[in-house]
Structure formats: C-alpha cells, structure tokens
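Asker: Those letters in the sequence shown? Residues 29 to 398, per the numbering used here, in order. C-beta atoms are modelled at their ideal positions from N, C-alpha and C, and glycine is treated no differently. Sending over a structure as structure tokens; questions will come in a sec.
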Amino acid sequence: DTGIRFRSIMDTIPSTKRQRSLRELKTLAILSGPLVAAQVSQSAMGFIDTVMAGRVGSVDLAAVAMGASIWHPLFLFMLGILMAVTPSVAQLHGGGFRREIGHHVRQALLLGLVLSLLVIPLLRHAGPVLVWMEVDPVAAPKTLAYLEAISWGMPAIAGFFVLRHFSEGLSCSKPSMIISLLALPFNATANYVLIYGKLGLPALGGPGCGWATSLTMWFMLLGMLVIVRRGKIYRPAQLFDAWPRPDWQEIGQILRLGVPIGFSLFVEASIFAVIALLIGSLGADIVAAHQICLSFSTLVFMIPMSISSAISIRVGWALGSRDLALARRAGYTGIALTGVIALCTSTLCLLFPEPVAAIYTTNPEVRRLA
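Structure, rendered in structure tokens:
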C-alpha cells in the first residue's frame, strides 16, 4: 500500500521535474559516497582510540575522553574555517577560473598553518582548564600527556584538509576516501604499538592514542600531497608553481565564509565537550560512558556531514555556472536525503543501545551507564 501511494504521489509530479530530482539525487549519492567513506573512516579512528584505550582501563579511557573534549572543538573550529575552500573552489571551477583556484588554495594553506600554530599552545597549556573543572586528579596527567601528543599533528591535519577540500571542490572526492581508508589501519597499528608497548617501546596507555593520532595526521598529509602533485586534474590550478605569499584580501574572503562555519561546528562540539569536563570530577566510569555515547554519535553524524559537503560542491559549481535552478534543486534534494538518514540513525540508537555499548567496553558498569 505504501508503494502504491508513493507511486501515486510521484505520478502527480511532472515527468521532467521528477527526472531532474532523481538525477540530482543520483549525482549527490555518487559524489557523497566517497566523502561518507572518508569521514566515517576518520571518525572510526576516534572509535578505535576509544575501544583500544578502554581495553587498558577506565582511567585511560577517561583521559582520552577529556583530552578529546578539549582538542576536538578547537580542531572543528579550524576545520570549519578551512571548509570554505570547497564551495569557493567549486564556484571558481564552475566559472572556468582554473588559475585563480591555485592562488586561493595557497592562501588557504597559509591560513591553515597559522590557525594550527594558534591551536598548539592552547592544547599544551590546558592544565588550568582541568583544574578549574575539578577533573579527577588520577586521569588529569594522562589527559595533559595526550593533548601534548595530539598538538604535534595540528599543522599536518590543517594542510591535509585544505588539499582535501581543494580536491573535493573539483568534484574529485575519491582521493580523500583512499587516504582515509589507508589511514585507518595505520592508526590502529600505531595505537597497538604505542598504547600496549610493542616493538620494544614503552606502554603509554591513553597518551599513546595521541601520538598515534599525530603520526596518522602526518601520514594523511603526505598521502594527499602525493596525489595532488601527480594527479592530472589538479595541474591547471598550478598549485605548486608559485611560493605562497599572503594575500590579505583572499584570506579575508576565506575567513568571511569560513568563520561562521567554524563557529557553528565549535559550538555544536562544545555542547558535548563541556559536559565531559563538567562530569570529570564524578569518576572515570561516568566519563568513559559519556565518551562511548559521544564516539558513536560522532560516527553516525559523519554521514549527513559528508552529504552536506557534497551539497556545497554542487551548489558552488551551479552558482559558478550561473545555474540558479540547479543550485536550488541540489539544496532541496540534499536536505531531503539527510532528513531520511537522520531518521534511520535515530531509530538505530533507540532500538539497539546495548549492542552498541558492548562494542566499546567489557566493563559492565560503564556499559550500563552508556
């Protein structure tokens, strides 16, 4: 009956309009597929960190949780600003301004380097925040060691995301998927060696996750550099033909578009991050349970976030081509698609909370709280 009603509704839509919407849905699905794979792979690294640290003990898991609650919002603020590269490149690409793309991306790389250098001291001097939040003194030293380790990877991840958004703005989303899929086993291996102390190295526990993540960030940057350097699709931009010099007008344009994105991501992440810090004095089990929920919700959130990137590419390209009807259609189609996915993930969380929590920990109390 549902199928019959759906077909009846579809029959009332003019054929050309229905065909365009279905064609746009197919295009978004093809474009967002690699983006979803890349984002889920990167989030899966946090999932792996949580699971492997949880196997060491609730104190190490709590240290990783509280460390993540500090560095992740700062990282997302930086990432949000750099996300402005995707629609800007897409619009230039749609308008045929190939040479201008290289100049824009060089300015974004400079901006990303500056932002990462601002984030590093904030991560390395987070002690007063932990004291102010009355975080468990047993977990606090491990949290600080974890944050210091993570800080070494900030320049690399900023550069990686600029190059990734450059590629995606050209409607080339497979490279980021390939790099992210390769980074996943790299991160798991590095975690195994550093957390548990293999190959003659000391067992670092929770802080080992930070060092493994930093190494993975540099691995991802090097991989993206190789692809962008050798790929034919990137050559018209002549990205590496000139040394980047500050163009304040261009940087200002990136900031005008990117700061609202970065601020919204920062606020969304901080809502959950502040909770982790506020409950830090209640004990390692409660913080660990919160981290499990946060890790899983972040993982499923990557799907609509990836589709939103695909929408940005389509809308940017359409605006560059001066096709306002296509821009509008891409926006509405993408919103409908993410709405359906949101209903599916909400249903998953409501119906299967116990199996999800069991993936992360064997501690019955932590699992019950999660």
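Do you know how far the Cα of Asp77 is from the Cα of Arg83?
Answerer: Taking the first residue of the sequence shown as 1, we reach residue 83 at position 55. Taking the first residue of the sequence shown as 1, we reach residue 77 at position 49. For Arg83 and Asp77, the distance between alpha carbons rounds to 10 Å.
Asker: My output table needs one value for Gln266: the three-state DSSP class, helix, strand or coil.
Answerer: Translated into positions along the sequence shown, residue 266 becomes position 238. The answer is coil: DSSP assigns Gln266 none of H, G, I, E or B.
Asker: If you reduce the DSSP assignment to three classes, tell me which class Asn219 lands in.
Answerer: Taking the first residue of the sequence shown as 1, we reach residue 219 at position 191. DSSP places Asn219 in helix when its eight states are reduced to three.
Asker: If you run the structure through DSSP and keep just helix, strand and coil, what is Ala316?
Answerer: As a working note, residue 316 is residue 288 in the sequence shown. Three-state DSSP puts Ala316 in a helix.
Asker: For Arg35, which of helix, strand or coil comes out of DSSP?
Answerer: Position 7 of the sequence shown holds residue 35. Reliability of the predicted coordinates at Arg35 is poor, the pLDDT of 42 falling under 50, and the value obtained from them is presented with this limitation in mind. Arg35: helix per DSSP, three-state reduction.
Asker: Going by C-alpha to C-alpha distance, which of Leu138, Ile307, Pro392 sits closest to Val159?
Answerer: If you number the sequence shown from 1, residue 159 lands on position 131. Residue Ile307 is the option with its Cα nearest to Val159.
Asker: With DSSP collapsed to three states, give me the class of Asn75.
Answerer: Residue mapping note: residue 75 aligns to position 47 of the sequence shown, counting from 1. According to the sequence displayed, residue 75 carries Phe and not Asn. Reduced to three states, the DSSP call for Phe75 is helix.
Asker: Check His131 in the structure and name its three-state DSSP category.
Answerer: Locating residue 131 in the sequence shown gives position 103, where the first residue counts as 1. Helix at His131.
Asker: For Gly238, I'd like the list of residues in its chain whose CB is within less than 6 Å of its CB, leaving aside the five on either flank, ordered along the chain.
Answerer: Taking the first residue of the sequence shown as position 1, residue 238 is located at position 210. Contacts found: Tyr174, Ala177, Ile178.
Asker: Of the residues Leu222, Leu283, Ser204, Met245, which one's Cα is nearest the Cα of Ile109?
Answerer: Indexing the sequence shown from 1 puts residue 109 at position 81. For Ile109, the nearest C-alpha among the options comes from Leu283.
Asker: Measuring straight from C-alpha to C-alpha, what distance separates Leu212 and Ile185?
Answerer: In the sequence shown, residue 212 corresponds to position 184, counting from 1. In the sequence shown, residue 185 corresponds to position 157, counting from 1. About 15 Å.
Asker: The alpha helix (DSSP H) with Thr114 in it runs from where to where?
Answerer: As a position in the sequence shown, residue 114 is number 86, starting the count at 1. 113-123 is the extent of the alpha helix (DSSP H) around Thr114.
Asker: What would DSSP say about Gly238, mapped onto helix, strand or coil?
Answerer: The residue labelled residue 238 in the question sits at position 210 within the sequence shown. In the structure shown, Gly238 sits in a helix (DSSP, three-state: H, G or I).
Asker: At the level of alpha carbons, what is the spacing between Gly259 and Ile207?
Answerer: Along the sequence shown, read from residue 1 onward, the residue named residue 259 stands at position 231. Along the sequence shown, read from residue 1 onward, the residue named residue 207 stands at position 179. Approximately 14 Å between the Cα atoms of the pair.
Asker: First and last residue of the alpha helix (DSSP H) that includes Lys170?
Answerer: The residue you call residue 170 lines up with position 142 of the sequence shown. Per DSSP, Lys170 belongs to the alpha helix (DSSP H) from 168-179.
Asker: Spatial neighbours of Ile261 within its chain, please: C-beta separation below 7 Å, excluding the five flanking residues on both sides.
Answerer: Translated into the one-based positions of the sequence shown, residue 261 becomes position 233. Excluding positions up to five away in sequence, the list reads Leu198, Cys200.
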